[in-house]
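Asker: Right, I'll just put the structure down here and ask away after.
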Amino acid sequence: MTQKVDKIKEEIKCFHIKTYNDLETFRIKFLGKKKGILTILFKELKKISIYKRKIYGKIINELKKEVQDKIKVFQSKNDIQNDKKLKLDPTIPGRSIEIGSRHPLSLIKKRIIDIFIKIGFSYVDGPEIEDDWHNFTALNIPISHPSREMQDTFFLCKNPDILLRTHTSSVQIRYMKKHCPPFRVLSIGKVYRNETISSRSNFMFHQAEGFYIDKKVSFSDLKQTIHYFIISLFGNAKIRFRPSYFPFTEPSAEVDIYCNNGWLEIMGCGMIDPKVLENVNIDSEIYSGFAFGLGIERLALIIYQIKDIRIYFDNDIRFLKQFKSEF
Ligand code: DAH
Numbered sequence: 029m030t031q032k033v034d035k036i037k038e039e040i041k042c043f044h045i046k047t048y049n050d051l052e053t054f055r056i057k058f059l060g061k062k063k064g065i066l067t068i069l070f071k072e073l074k075k076i077s078i079y080k081r082k083i084y085g086k087i088i089n090e091l092k093k094e095v096q097d098k099i100k101v102f103q104s105k106n107d108i109q110n111d112k113k114l115k116l117d118p119t120i121p122g123r124s125i126e127i128g129s130r131h132p133l134s135l136i137k138k139r140i141i142d143i144f145i146k147i148g149f150s151y152v153d154g155p156e157i158e159d160d161w162h163n164f165t166a167l168n169i170p171i172s173h174p175s176r177e178m179q180d181t182f183f184l185c186k187n188p189d190i191l192l193r194t195h196t197s198s199v200q201i202r203y204m205k206k207h208c209p210p211f212r213v214l215s216i217g218k219v220y221r222n223e224t225i226s227s228r229s230n231f232m233f234h235q236a237e238g239f240y241i242d243k244k245v246s247f248s249d250l251k252q253t254i255h256y257f258i259i260s261l262f263g264n265a266k267i268r269f270r271p272s273y274f275p276f277t278e279p280s281a282e283v284d285i286y287c288n289n290g291w292l293e294i295m296g297c298g299m300i301d302p303k304v305l306e307n308v309n310i311d312s313e314i315y316s317g318f319a320f321g322l323g324i325e326r327l328a329l330i331i332y333q334i335k336d337i338r339i340y341f342d343n344d345i346r347f348l349k350q351f352k353s354e355f
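Heads up: the sequence shown runs through residues 29 to 355, numbered per the working numbering.
See below:
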């Protein structure tokens, strides 16, 4: 046994480790799980008497420690050298940090918020995952209402009461339920529709929603507010109010803007239907209000003269970096 130990000791000492490959060969030769020289010796220990096991166990453990020490010495030397090499290598290229830019839709969103904050509106967010009541029923769109047809969306299979909101008008309901008038509120966010993607439509787009409730709010307040908004955004633009229909406003109108020799529809609006106010326990004998809603992508098409809304979501840096951030 002593001869065997001496031989192994010698082998450990004389093994030349120059590379990390050598290091691995060395480790496997002595400590490999199946055929490592020391591993086998450890296994053989089980077969001899306790008395001898103690003595030889100690010797084999010392050999094991010699192997481990040799591995450590190589590693610490070479890791330091690798480190030094790295620090001194001037050819390694630096890591450049790409600076992103604001998305054009975020820029428009910010402009709209700034415009309404100036006239006393506060900004709130609402959930994109809604229930049927907030998205439809409370807004005077009962189950069988034909306008549901135009706002088909994505429902949760397990619970069809839960859906992706089709418009930001649901924020009106959420806010009015929790607050007492007077208030002026703006909300902007994503909405969803079950629609095929084309140059003019997408299954997801952004809307801005505004509403104002107080005593004696009238249609002329609505007109004045929309006028102020359009002038602030477009300069001296020509606009018109066209009678329309929405289940949650009465009377309702659509607002068109004159550009490129034609009228372009940009938003819906109207006086909030007394039924909607009652649904959220606001006394429609005392309070009245107006609301409006508009598509941000649409607005951005006009402002930036873009022809296809799909470009907003292509993530094409050549398109995105053209927009200068003002904030
Ligand atoms: N929610 C409507 C839609 O998505 C837009 C709208 C129209 C919002 C009239 C309003 C409004 O607040 O008064 O088509």
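Each residue gets a CB set at the ideal place from its N, CA and C atoms; glycine is no exception.
For phenylalanine 239, report the span of its beta strand (DSSP E) as first-last.
Answerer: Where phenylalanine 239 is concerned, the enclosing beta strand (DSSP E) stretches over 232-243.
Asker: Closer than 7 Å to a non-hydrogen atom of the ligand DAH - does that hold for the CB of alanine 319?
Answerer: Yes, since a heavy atom of the ligand DAH falls inside the 7 Å radius drawn around the Cβ of alanine 319.
Asker: Taking Cβ to Cβ, would you say alanine 319 is nearer than 8 Å to glutamine 200?
Answerer: Yes.
Asker: By alpha-carbon positions, which one of Gly148, Lys75, Ile65 ends up nearest to phenylalanine 257?
Answerer: Minimum Cα distance to phenylalanine 257 is reached at Gly148.
Asker: Sort out for me which residues DSSP pairs phenylalanine 70 with in a bridge.
Answerer: For phenylalanine 70, which the question treats as bridged, DSSP gives no partner whatsoever.
Asker: So within the stretch 129-181, which uninterrupted alpha helix (DSSP H) runs reach at least 4 residues, ignoring any that extend past its ends?
Answerer: Here the runs fully enclosed are 132-145, 160-163, 175-178.
Asker: If you follow the alpha helix (DSSP H) that proline 302 is in, where does it begin and where does it stop?
Answerer: Looking at the DSSP string, the run of the alpha helix (DSSP H) that includes proline 302 is 302-307.
Asker: Alpha carbon to alpha carbon, how far is isoleucine 225 from leucine 292? Give it in angstroms, no decimals.
Answerer: For leucine 292 and isoleucine 225, the distance between alpha carbons rounds to 21 Å.
Asker: What number of angstroms, rounded off, separates the C-alpha of isoleucine 345 from the C-alpha of lysine 137?
Answerer: Rounded to the nearest angstrom, the two C-alpha atoms are 20 Å apart.
Asker: Is it right to say threonine 47 is buried, meaning 16 or more other beta carbons lie within 10 angstroms of its own, or is it exposed?
Answerer: When all chains shown are included, threonine 47 counts as exposed.
Asker: Classify glycine 122: buried if its beta carbon has 16 or more other beta carbons within 10 angstroms, exposed otherwise.
Answerer: Classification for glycine 122: exposed.
Asker: Just to confirm, is the Cβ distance from proline 209 to isoleucine 171 under 8 Å?
Answerer: The answer is no: Cβ separation not under 8 Å.
Asker: Taking the alpha carbon of glutamate 237 as the point to measure from, which residue in Ile216, Ser248, Asn230, Val245 has its own alpha carbon closest?
Answerer: Closest option to glutamate 237, Cα to Cα, is Ile216.
Asker: Please state whether DSSP places serine 124 in a helix, a strand or coil.
Answerer: In the structure shown, serine 124 sits in coil (DSSP, three-state: anything other than H, G, I, E or B).
Asker: Just the C-alpha distance for lysine 243 and asparagine 309, rounded to the nearest angstrom, thanks.
Answerer: Straight-line Cα distance between these residues: approximately 15 Å.
Asker: Is DSSP giving arginine 55 helix, strand or coil here?
Answerer: Residue state, collapsed to three classes: helix.
Asker: Alpha carbon to alpha carbon, how far is proline 118 from lysine 146? Give it in angstroms, no decimals.
Answerer: Between lysine 146 and proline 118, the C-alpha separation is close to 54 Å.
Asker: I need the straight-line Cα distance from lysine 62 to isoleucine 68, nearest angstrom please.
Answerer: About 8 Å.
Asker: For glutamate 156 and arginine 193, which I take to be in contact (beta-carbon distance under 8 Å), what is that distance rounded to the nearest angstrom?
Answerer: Going by Cβ atoms, the distance from glutamate 156 to arginine 193 rounds to 6 Å, so yes, they are a contact pair.
Asker: Kindly list the residues whose CB is nearer than 7 Å to the CB of leucine 348, restricted to its own chain and excluding five residues on each side of it in sequence; keep chain order.
Answerer: Ser129, His131.
Asker: According to DSSP, simplified to helix, strand and coil, what is threonine 196?
Answerer: In this structure, threonine 196 counts as coil in the three-state DSSP scheme.
Asker: Below 7 Å, is the gap between the Cβ of phenylalanine 231 and the nearest heavy atom of the ligand DAH?
Answerer: Result no, Cβ not under 7 Å from the ligand DAH.
Asker: What are the residues that DSSP puts in a beta bridge with isoleucine 190?
Answerer: Answer is Asp159.
Asker: Whose C-alpha, out of Arg176, Pro271, Thr277, is nearest the C-alpha of valine 283?
Answerer: Nearest of Arg176, Pro271, Thr277 to valine 283, Cα basis: Pro271.
Asker: State the beta-bridge partners of tyrosine 363 as determined by DSSP.
Answerer: No statement about residue 363 is possible, as the shown extent of the chain runs from 29 to 355 and does not include it.
Asker: So is the beta-carbon of glutamate 237 under 7 Å away from any non-hydrogen atom of the ligand DAH?
Answerer: Yes.
Asker: Contact defined as beta carbons within less than 8 Å: I believe threonine 181 pairs with asparagine 222. What is the distance between those atoms, to the nearest angstrom?
Answerer: That pair is a contact at about 6 Å.
Asker: Quick check: what's the CA-CA separation for serine 134 versus valine 304?
Answerer: So the two alpha carbons sit approximately 31 Å from each other.
Asker: Could you check whether the Cβ of histidine 195 sits closer than 7 Å to any heavy atom belonging to the ligand DAH?
Answerer: Yes - the ligand DAH has a heavy atom lying nearer than 7 Å to the Cβ of histidine 195.
Asker: Is arginine 268 helix, strand or coil by DSSP?
Answerer: Reduced to three states, the DSSP call for arginine 268 is strand.
Asker: If you drop the 5 nearest sequence neighbours on each side, which residues of the same chain put their C-beta closer than 7 Å to that of valine 245?
Answerer: Cβ neighbours of valine 245 beyond the five flanking positions: Ser316, Gly317, Phe318.
Asker: Could you give the residue range of the alpha helix (DSSP H) that holds isoleucine 40?
Answerer: Counting along the chain, the alpha helix (DSSP H) containing isoleucine 40 begins and ends at 30-42.
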